[in-house]
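Undergrad: Here the numbering used here is used: the first residue of the sequence shown is 56, the next is one more, and so on. After the structure tokens below, expect a handful of questions from me.
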Amino acid sequence: ALGRANITVNKNAVPNDPQSPFVTSGIRIGSPAMTTRGFKEHEARTLTDWMCDVLDNLDNEDTVKRVKGEVLELCKKFPVYTQS
């Protein structure tokens, strides 16, 4: 679901999770990917808000499209590579 909104995460084990280690019940977004772009706390919080919006509305394509647009706009403001 998050991938449809251009948010990439990976599955991760959660410490002290009663599930088997082979069952990943958490998600992780890499902080290096955020800091490489120059994200600070505000952008990280915004991103987590968008993740919650998508996960709380899995079947709502309007929400996914809105978040995808906001993600693309944020990434334009914080490009990985800049022209010198």
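Where a beta carbon is used, it is the ideal one built from N, C-alpha and C, also for glycine. Since we're looking at a predicted model, the values are computed, not measured.
Can you tell me whether ALA60 is buried or exposed, with buried defined as 16 or more other CB within 10 angstroms of its CB?
TA: Position 5 of the sequence shown, counting from 1, holds the residue named residue 60. Looking at its Cβ environment, which holds 16 or more other Cβ atoms inside 10 Å, ALA60 is buried.
Undergrad: Using 10 angstroms around the beta-carbon of PHE94, count the other beta-carbons present and answer buried if the total reaches 16, otherwise exposed.
TA: Residue mapping note: residue 94 aligns to position 39 of the sequence shown, counting from 1. Buried, by the Cβ-count rule.
Undergrad: When the distance is taken between beta carbons, is ASP108 closer than 8 Å to THR118?
TA: Reading the sequence shown from its first residue, position 63 is the one you call residue 118. Reading the sequence shown from its first residue, position 53 is the one you call residue 108. Yes, the pair counts as a contact, with Cβ atoms nearer than the cut-off.
Undergrad: Please return the same chain residues whose Cβ sits closer than 6 Å to the Cβ of THR101, not counting the five positions on each side in sequence.
TA: In the sequence shown, counting from the first residue as 1, residue 101 sits at position 46. Within the same chain, THR101 has no close Cβ partners at all.
Undergrad: Relative to the alpha-carbon of ALA56, which residue among ASN115, GLU125, LEU129 and ARG92 has its alpha-carbon at the smallest distance?
TA: Taking the first residue of the sequence shown as 1, we reach residue 56 at position 1. Closest by alpha carbon: ASN115.
Undergrad: Please report the residue range of the beta strand (DSSP E) in which VAL124 lies.
TA: Here residue 124 refers to the residue found at position 69 when the sequence shown is read from its first residue. In the sequence under discussion, the amino acid at residue 124 is Gly, which differs from the Val named in the question. No beta strand (DSSP E) contains GLY124, which is instead part of the alpha helix (DSSP H) from 116-132.
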